[in-house]
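Take a look at the structure set out below.
There are 2 protein chains.
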Amino acid sequence: MEHVNPQGAAHVKVLAFDVFGTVVDWHKSIMREVQSMKLDVDGDQFALAWRAGYMPAIRKVMYGELDWTLIDDLHRMILDALLETFQVTHLKEEEKRKLNGVWHRLDPWADSVEGLTRLKSRYTICTMSNGNIGLLANMAKNARLPWDCILSAEIFRKYKPDPATYLGVAKVFGVEPGEVMMVAAHQDDLAHARACGLKTAYVERPLEYGPSQQKDVSPHPDNTVHSRNLVELAAALNC
Amino acid sequence: MEHVNPQGAAHVKVLAFDVFGTVVDWHKSIMREVQSMKLDVDGDQFALAWRAGYMPAIRKVMYGELDWTLIDDLHRMILDALLETFQVTHLKEEEKRKLNGVWHRLDPWADSVEGLTRLKSRYTICTMSNGNIGLLANMAKNARLPWDCILSAEIFRKYKPDPATYLGVAKVFGVEPGEVMMVAAHQDDLAHARACGLKTAYVERPLEYGPSQQKDVSPHPDNTVHSRNLVELAAALNC
Numbered sequence: 678m679e680h681v682n683p684q685g686a687a688h689v690k691v692l693a694f695d696v697f698g699t700v701v702d703w704h705k706s707i708m709r710e711v712q713s714m715k716l717d718v719d720g721d722q723f724a725l726a727w728r729a730g731y732m733p734a735i736r737k738v739m740y741g742e743l744d745w746t747l748i749d750d751l752h753r754m755i756l757d758a759l760l761e762t763f764q765v766t767h768l769k770e771e772e773k774r775k776l777n778g779v780w781h782r783l784d785p786w787a788d789s790v791e792g793l794t795r796l797k798s799r800y801t802i803c804t805m806s807n808g809n810i811g812l813l814a815n816m817a818k819n820a821r822l823p824w825d826c827i828l829s830a831e832i833f834r835k836y837k838p839d840p841a842t843y844l845g846v847a848k849v850f851g852v853e854p855g856e857v858m859m860v861a862a863h864q865d866d867l868a869h870a871r872a873c874g875l876k877t878a879y880v881e882r883p884l885e886y887g888p889s890q891q892k893d894v895s896p897h898p899d900n901t902v903h904s905r906n907l908v909e910l911a912a913a914l915n916c
Numbered sequence: 678m679e680h681v682n683p684q685g686a687a688h689v690k691v692l693a694f695d696v697f698g699t700v701v702d703w704h705k706s707i708m709r710e711v712q713s714m715k716l717d718v719d720g721d722q723f724a725l726a727w728r729a730g731y732m733p734a735i736r737k738v739m740y741g742e743l744d745w746t747l748i749d750d751l752h753r754m755i756l757d758a759l760l761e762t763f764q765v766t767h768l769k770e771e772e773k774r775k776l777n778g779v780w781h782r783l784d785p786w787a788d789s790v791e792g793l794t795r796l797k798s799r800y801t802i803c804t805m806s807n808g809n810i811g812l813l814a815n816m817a818k819n820a821r822l823p824w825d826c827i828l829s830a831e832i833f834r835k836y837k838p839d840p841a842t843y844l845g846v847a848k849v850f851g852v853e854p855g856e857v858m859m860v861a862a863h864q865d866d867l868a869h870a871r872a873c874g875l876k877t878a879y880v881e882r883p884l885e886y887g888p889s890q891q892k893d894v895s896p897h898p899d900n901t902v903h904s905r906n907l908v909e910l911a912a913a914l915n916c
């Protein structure tokens, strides 16, 4: 299943990871939280709807409809609307805050910690996520993700897919864009990274949207690497 | 030698570390680098002079004499002047770049990795350094410093002692200033942190400026903790 474009990976020094869906399983983690809070909603649908609100919210910031707003606050805005839609009216402010914090406690995919640990032995591994720094740091501590460095849209005050984010990774580490490889389970994220000169590795994550949804995980020939998971990516990069 | 102010540490969640001098030994690392390059200079004096150029350079940025400039570039400006003063004229550009990179390769004090690892078991541990993110990440990878998160003046675009840096740590983690403890080998850094409401831990590091210099490491009663090193700090905080 895996493939490596032989010209691609030779000069890579830094692996920059998308996080939501690529490293952690938001769908299952949110379903579990909703169930543990005994909310009277379909956990699958609730998780999907929360995540579906994400890109429209990001776009509002990108196009200036909203001032710069951290993901924690965007998640909360989406959640408040969602609770109304799903007719959940009994939650206290403290419970809403706790529920919104689920994004800090997302579980890693089964291969993530082993894959990252192996990749770290040869590369600098960092996040390049739209998640805010505190969210990503709390998640890493909770899930034992061994990042060398947490990079976030918060640092560049631009959200992916703004080129400032992809190019920002190269700038932070003083390397060329072609020495950075973006790793993601989303072809559009990788296409934007590639347009900035980064190498790209696709990770399938067919269950990202839960078992009720079909996800197209077919390879794209322009990616440097295609792999099913992070352990397979480590093997493909000889780690 | 160690003391803990009993009211102080109870609510602390995040330990934010000064890095140069507190976690890593810049003096010995630079001396070693200068000797390995066989520069015809007094390594002790060269290291002291390089570091002495640091605060004046930071002040130029703080007072607007210089636009926002990363530490890597400030270190290089100081180095260029220093090479002239010390009459080192034969270095090629590539060698100067390598020498300037020594700040990415500073060695930890003997107790740093053990102390941080123990502290990490109970607290979120992060840097709050004027060093740029890439420098701090490269240093952490090289010295195996197990940070949960790398915070830097680069994120806040303000240098310590600007309050935006100390308060920025609390903001990133969504906690109160009093839930953050600044750890440093410099009383002035801690005084500024305290003025922002942070708790403070002093670490002595009597050899910070090398054996030729006397450093006053006497306790200040306003610090929450006084400790000789990071292992002692871990013990003082029951880690």
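As you go down the protein sequences, you meet chains A and B in turn. Take 678 as the starting number for the first sequence in our numbering and just add one per residue. Take 678 as the starting number for the second sequence in our numbering and just add one per residue. For each residue, glycine too, the CB sits at the ideal point set by N, CA and C.
Report task. Pull up the DSSP beta-bridge partners for Phe-833 (chain B), would you. Result -> Beta-bridge pairing links Phe-833 (chain B) to no other residue.
Report task. Identify every run of the alpha helix (DSSP H) within the region 692-721 of chain A, keeping only runs that are complete inside it and at least 4 residues long; order them along the chain. Result -> 703-713
Query raised in the report: Are there 16 or more other CB atoms within 10 angstroms of the CB of Met-708 (chain B), so buried, or fewer, so exposed?
Result: buried
Query raised in the report: At what residues does the beta strand (DSSP E) containing Tyr-843 (chain A) begin and finish?
Result: Segment 840-850 is the alpha helix (DSSP H) holding Tyr-843 (chain A); no beta strand (DSSP E) there.
Report task. Could you tell me whether the Cβ of Ala-841 (chain A) comes closer than 8 Å to any Cβ of chain B? Result -> no
Query raised in the report: Does the Cβ-Cβ distance between Asp-695 (chain B) and Val-860 (chain B) come in under 8 Å?
Result: yes
Query raised in the report: Should Ala-817 (chain B) be flagged as near chain A, meaning a C-beta pair shorter than 8 Å?
Result: yes
Requested in this report: Kindly list the residues whose CB is nearer than 7 Å to the CB of Val-718 (chain B), restricted to its own chain and excluding five residues on each side of it in sequence; keep chain order.
Outcome: Val-711, Phe-763, Val-765
Query - Exposure label - Asp-899 (chain B); buried when at least 16 CB within 10 Å - result: exposed
Report task. Report the option in B:Asn-819, B:Leu-759, B:His-752, B:His-680 whose CA atom is closest to the CA atom of Val-720 (chain B). Result -> For the sequence presented, residue 720 (chain B) should be read as Gly rather than Val. Nearest of B:Asn-819, B:Leu-759, B:His-752, B:His-680 to Gly-720 (chain B), Cα basis: B:Leu-759.
Query - Straight-line Cα distance separating His-903 (chain A) from Ala-878 (chain A) - result: 6 Å
Report task. Give the DSSP-derived three-state secondary structure of Lys-769 (chain B) in the structure shown. Result -> coil
**Report entry** For Leu-875 (chain B) and Pro-840 (chain B), the rounded distance between their alpha carbons
**Finding:** 11 Å
Report task. Would you give the residue range spanned by the beta strand (DSSP E) that Val-779 (chain A) belongs to? Result -> Looking at the DSSP string, Val-779 (chain A) is not in any beta strand (DSSP E), and its letter there is neither H nor E.
Report task. In angstroms with no decimal places, state the Cα-to-Cα distance between Glu-770 (chain A) and Ala-724 (chain B). Result -> 54 Å
Requested in this report: Please name the residue, chosen from B:Thr-804, B:Leu-751, B:Pro-823, that lies closest to Leu-692 (chain B) on a Cα-to-Cα basis.
Outcome: B:Thr-804
Query raised in the report: Do you know offhand how far Gly-698 (chain A)'s Cα is from Tyr-843 (chain A)'s?
Result: 18 Å
Query - Beta-carbon spacing of Ala-830 (chain B), Asn-815 (chain B) below 8 Å - result: no
Query raised in the report: Can you give the Cα-Cα distance for Trp-618 (chain A) and Val-700 (chain B), rounded to whole angstroms?
Result: Since the first residue of chain A shown is 678 and the last is 916, residue 618 (chain A) is not available in this structure.
Query - Thr-901 (chain B) - DSSP class collapsed to helix/strand/coil - result: coil
**Report entry** Length of the line joining the Cα atoms of Val-846 (chain B) and Leu-751 (chain A)
**Finding:** 21 Å
**Report entry** Cut-off 6 Å between Cβ atoms - residues of its own chain near His-680 (chain A), not counting five sequence neighbours on either side
**Finding:** His-903
Report task. Closer than 7 Å by C-beta to Ala-734 (chain B): which residues in its own chain qualify, once you throw out the five before and the five after it? Chain order, please. Result -> Leu-751, Met-754, Ile-755
Query raised in the report: From A:Ala-726, A:Val-852, A:His-781, pick the residue whose C-alpha is nearest to that of Val-849 (chain B); which is it?
Result: A:His-781
Query - Contact with chain A by Ala-814 (chain B), beta-carbon distance below 8 Å - result: yes
Report task. Going by DSSP, name the residue or residues bridged to Tyr-731 (chain B). Result -> DSSP, once it has assigned bridges, lists no residue as partnering Tyr-731 (chain B).
**Report entry** Expected contact under 8 Å - CB spacing of Met-714 (chain A) and Leu-776 (chain A) to nearest Å
**Finding:** 7 Å
Query raised in the report: Under 8 Å Cβ-Cβ, which residues of chain A neighbour Phe-850 (chain B)?
Result: Gly-811, Ala-814, Asn-815
**Report entry** Cβ pair Arg-882 (chain B), Ala-913 (chain B) closer than 8 Å
**Finding:** no
Query raised in the report: By Cβ distance, which residues of its chain are closer than 7 Å to Lys-797 (chain A), with the 5 residues on each side in sequence left out?
Result: Pro-823, Asp-825
Query - Given Ala-820 (chain B) as reference, the closest of B:Ile-832, B:Asp-788, B:Asn-809 once Cα atoms are compared - result: B:Asp-788
**Report entry** Test: Ile-735 (chain A) CB closer than 8 Å to a CB of chain B
**Finding:** no
Query raised in the report: Arg-736 (chain A): which of A:Asn-906, A:Lys-835, A:Gly-851 sits nearest, CA to CA?
Result: A:Lys-835
Query raised in the report: Do Ile-832 (chain A) and Ile-827 (chain B) come within 8 Å of each other at the CB atom, strictly closer than that value?
Result: no
Query raised in the report: Are Asn-906 (chain A) and Gly-792 (chain A) close, meaning C-beta to C-beta below 8 Å?
Result: yes
Query raised in the report: Which residues, in chain order, does the region 775-803 of chain B contribute to contact with chain A at a C-beta distance below 8 Å?
Result: Thr-801, Cys-803
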